[in-house]
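Residue numbers (full-length UniProt numbering): 1 to 418. The next block holds one structure in the form of structure tokens; read it before the comments.
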């Protein structure tokens, strides 16, 4: 499937630094109106069903500064069942290792009893070609149907709608699967940090972010009556949205069908070489009871708690400079043994023999803490070897580390847009 490339930063045009949105689209509204429940999708994709109507619409540029700019054509997807329209105006990511594309779309609800379209704001639209990616499309369909439905006040990014059809826009005969999600304006936390000079979060802001993640795990995933496992928890699954009309800020956790990569894949690969790509940290940094085992039955809520601890390390250091699982285990073992975090992981990972022995000795013997005891206790509790000994999400939420710094985190996000 060929993605429609957009040369601009999906969240902020670099040449202006403005937080405004294109004049021909308008500023985003609050959460879009509720979309109808999931469409019925057969186990076998029937090419004879109603096709997805997709066309290119001319967009007026009269409101832009230069009248010489010719009109542009942007694809509109029309849901064959509801006739709702989705105007794709920004390419904001990918998923399934590039097999699927993710767009920001202006959602317009179709109401048969009126001729005036109802624009309900922006949504995120995930699109995958079922002809070329049958396995990925079936996984996405399964996740969308069995996953969590979006709720305005929930902490999980749930799906609003899933539908499929046939179109000849991307190629001669594409059979597409589309998943509609709430739009998260700032992208993932990993993407956000990649645009900041320090590339990492302070403890104060980590407490704000991880508190919301723990609430999501406690209330929507690790629930007793219908217990699920996240399995891929990492900084790339934590998304931030700012409503610029009210300056309200939302932190939500992507889960299965709602997860996608908001970083440029080529940039991410080059940025982290020669170290392990953090995009896959949930695999190479998985809990001991999960790593290297194909049986998903080994995972559980406590393996998510392990990943929460690894996410905390990524956020506070910016990245984990490891080349393999052996390096990773060395970091975890050192943290457990010393019961405190080093100031720098990169210095910890210098060669551990020859002329570097004295340097390592000095680092190990350093007594002054680089981080608070409250933060270190959280990380150490999450990284206990035996999953039985790791705390639950509820127990972690009662820790003194999680204080209220929401206003300061909001300012941190807003300052990054200036």
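Every residue gets a Cβ at the ideal spot worked out from N, C-alpha and C, and that includes glycine. All of these numbers come straight from a predicted model, not from anything done at the bench.
Buried or exposed (CB count within 10 angstroms, at least 16 for buried), residue 155: Position 155 of the chain shown, counted from the start, is the residue given in the question as residue 155. Burial call: buried.
Beta carbon of residue 193 nearer than 8 Å to that of residue 140: Translated into positions along the chain shown, residue 193 becomes position 193. Translated into positions along the chain shown, residue 140 becomes position 140. Cβ atoms of residue 193 and residue 140: not closer than 8 Å.
The stretch 86-102 touching the stretch 257-264, judged by at least three CB pairs closer than 8 Å: yes
Contacting residues, own chain, Cβ-Cβ under 6 Å from residue 402 (five flanking each side not counted): Within the chain shown, residue 402 is the residue found at index 402, counting from 1. Contacts found: 207, 211.
Beta-carbon separation (whole angstroms), residue 130 vs residue 249, contact threshold 8 Å: Residue numbering aside, residue 130 sits at position 130 when the chain shown is read from its first letter. Residue numbering aside, residue 249 sits at position 249 when the chain shown is read from its first letter. Contact doesn't hold; Cβ gap of about 36 Å is too wide.
Residue from 224, 143, 75 with nearest C-alpha to residue 255: As a position in the chain shown, residue 255 is number 255, starting the count at 1. Ranking 224, 143, 75 by Cα distance to residue 255 puts 143 first.
Residues near residue 159 in its chain [Cβ-Cβ closer than 8 Å; skip 5 each side]: Counting from one through the chain shown, the residue named residue 159 turns up at place 159. Only 38, 144, 147, 148, 149, 150, 179, 180, 181, 257, 258 meet the Cβ criterion.
Span separating the alpha-carbon of residue 278 from that of residue 343: By one-based count along the chain shown, residue 278 stands at place 278. By one-based count along the chain shown, residue 343 stands at place 343. Distance between the alpha carbons of residue 278 and residue 343 is about 20 Å.
Three-state secondary structure (DSSP) of residue 253: Within the chain shown, numbered from 1, the residue matching residue 253 stands at position 253. Three-state DSSP puts residue 253 in a strand.
Which residues DSSP lists as bridging residue 91, in chain order: Within the chain shown, the letter at position 91 stands for residue 91. According to DSSP, residue 91 bridges with 103.
Contact under 8 Å by Cβ, residue 460 with residue 204: As displayed, the chain neither begins before 1 nor continues past 418, which places residue 460 out of reach and without an answer.
Every unbroken beta strand (DSSP E) within the stretch 174-242, with a cutoff of 3 residues, ordered by chain: 174-182
Other residues of its chain near residue 397: CB distance less than 8 Å, five sequence neighbours each side excluded: On the chain shown, position 397 is the one that residue 397 refers to. Contacts found: 211, 214, 215, 218.
Residue burial classification, residue 123 (beta-carbon count within 10 angstroms, cutoff 16): Position 123 of the chain shown, counted from the first residue, corresponds to residue 123. Looking at its Cβ environment, which holds 16 or more other Cβ atoms inside 10 Å, residue 123 is buried.
Buried or exposed (CB count within 10 angstroms, at least 16 for buried), residue 245: Here residue 245 corresponds to residue number 245 of the chain shown, with the count starting at 1. Residue 245 should be labelled exposed.
Residue 144 - DSSP class collapsed to helix/strand/coil: For the purposes of this step, residue 144 is taken as the residue at position 144 of the chain shown. DSSP places residue 144 in helix when its eight states are reduced to three.
Beta-bridge partners of residue 278, as assigned by DSSP: By 1-based counting over the chain shown, the position of residue 278 is 278. Looking at the DSSP assignment, residue 278 forms no beta bridge with any residue, so it has no partner.
Cutoff 6 Å; reference residue 375; Cβ partners in own chain excluding five residues on either side: Position 375 of the chain shown, counted from the start, is the residue given in the question as residue 375. Correct list, in chain order: 203, 401.
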